[in-house]
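Contents: one structure, followed by commentary.
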Amino acid sequence: MEKKLKFFLDEKGDVLDVTVGEPQPAISEEIGDDIIIHKNDQGEIVGFTILNFIKRSKKLGASREVPVTAKFATA
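Residue numbering for the sequence shown follows the numbering used here, starting at 1029 and increasing by one per position.
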C-alpha cells in the first residue's frame, strides 16, 4: 500500500521530520550521524528525523526536486 511522506521542517531547531503515512506511536533509534529512524511495534519504519538539516543542505548547494519511490528498511 502506498503511503504519502509528510515533511515538517523546524527551521529554528534545524530539524527535519518525515513521517510515512499518518504519524503513529514509534520507537526511535539513532542509526548514524544525526539520523534517527522511527519504527512502529511491528518493526516497520514509519518516519525519520535529520538533525542539523539546514546546515547539511547548505553544503549540498541548490535545491532539487526529485520524484522518489522508496521502501524503508534497516539491515
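Built from N, CA and C at the ideal position, the CB exists for glycine as well.
Item: Limits of the unbroken beta strand (DSSP E) element including K1034; Value: 1033-1038
Item: For K1099, the three-state DSSP class (helix, strand or coil); Value: coil
Item: Outcome for F1076 when other beta-carbon atoms lying within 10 angstroms are tallied against a minimum of 16; Value: buried
Item: Beta-carbon separation (whole angstroms), I1065 vs I1073, contact threshold 8 Å; Value: 5 Å
Item: Beta-carbon contacts of A1054 that lie in its chain and below 8 Å, excluding the five residues immediately before and after; Value: H1066, K1067, N1068, V1074, G1075
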